[in-house]
Ligand code: ZN
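In the working numbering, the protein residues as written are 10 to 194.
#1: Could you tell me whether the segment 80-93 touches the segment 110-124, where touching means 3 or more Cβ pairs closer than 8 Å?
#2: When DSSP builds the beta bridges, which residues end up paired with residue 166?
#3: How long is the line joining the alpha carbons of residue 33 and residue 48, rounded to whole angstroms?
#4: With burial defined as no fewer than 16 other Cβ atoms inside 10 Å of the residue's Cβ, what is the status of residue 61: buried or exposed?
#5: Can you find the residues in the same chain that come closer than 6 Å, C-beta to C-beta, to residue 50, ignoring five residues on each side of it along the sequence?
#6: Tell whether a beta-carbon distance below 9 Å holds between residue 45 and residue 24.
#7: Pick helix, strand or coil for residue 61, following the three-state DSSP scheme.
#8: Run through DSSP, which three-state label would residue 183 get?
#9: Run the proximity test for residue 12: is its beta-carbon closer than 8 Å to any non-hydrogen atom belonging to the ligand ZN?
The structure is reproduced here in structure tokens:
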């Protein structure tokens with residue numbers, strides 16, 4: 010029993026699937042999108058499609074990139090002996106914005122979560138282990154300070170320490186349960 014036109018209803022429903030977008034925001038966004046010109050609409054659609062079709066995962070750190078190797082992994086000025094392990098690509102973005110870190114990254118694309126059925130095999134752990142050579146001196150665990158993030162850091166530490174690599178945990182100045190994404194630089 011809705012008095013909203015069906016195509017608008019469909020758009021609102023799709024927007025509501027986005028994390029953090031509720032009924033009100035979805036409706037507001039839908040009306041704003043409806044007011045876009047045909048040209049703007051096409052550009053937006055192309056931009057959304059572009060991040061799906063033009064991006065691959067860096068063969069080394071697994072972050073999203075346009076080429077084979079991302080600009081961070083390809084940069085000879087970065088410290089290639091330190092690898093910072095994060096859960097999501099957005100965490101790399103947050104740490105880069107802070108500008109304090111000059112090593113490399115490894116993106117797991119998630120965290121171990123038995124409740125959600127996510128085990129080690131679903132994460133980019135094999136790829137991390139494959140990067141462990143004598144040139145790597147330190148691996149910094151920067152998974153989120155959540156139950157899943159801590160469990161993942163613990164699991165990885167157990168795998169990495171026997172390989173003779175120094176494993177440290179990122180010191181957080183943020184409350185337990187808070188996400189890296191929302192942390193201040
Ligand atoms: Zn990379």
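In this text, a Cβ means the ideal position worked out from N, Cα and C, and glycines have one as well.
If we stick to the structure as given:
#1: With the cut-off at 8 Å, the segment 80-93 and the segment 110-124 touch.
#2: Here residue 166 corresponds to residue number 157 of the chain shown, with the count starting at 1. For residue 166, DSSP records no beta bridge to any residue.
#3: By 1-based counting over the chain shown, the position of residue 33 is 24. By 1-based counting over the chain shown, the position of residue 48 is 39. In this model, residue 33 and residue 48 are separated by some 26 Å (Cα to Cα).
#4: Taking the first residue of the chain shown as position 1, residue 61 is located at position 52. By the 10 Å Cβ count, residue 61 comes out exposed.
#5: Taking the first residue of the chain shown as position 1, residue 50 is located at position 41. Cβ within range, chain order: n/a, list empty.
#6: What you label residue 45 is simply residue 36 of the chain shown in a count that begins at 1. What you label residue 24 is simply residue 15 of the chain shown in a count that begins at 1. Not in contact: residue 45 and residue 24 (Cβ atoms no closer than 9 Å).
#7: For the purposes of this step, residue 61 is taken as the residue at position 52 of the chain shown. In the structure shown, residue 61 sits in a helix (DSSP, three-state: H, G or I).
#8: In the chain shown, residue 183 corresponds to position 174, counting from 1. Residue confidence is low: residue 183 scores 49 on pLDDT, short of 50, so the model does not pin down where it sits. No coordinate-derived value is stated.
#9: Counted from its first residue, the chain shown places residue 12 at position 3. Residue 12 has its CB no nearer than 8 Å to any heavy atom of the ligand ZN.
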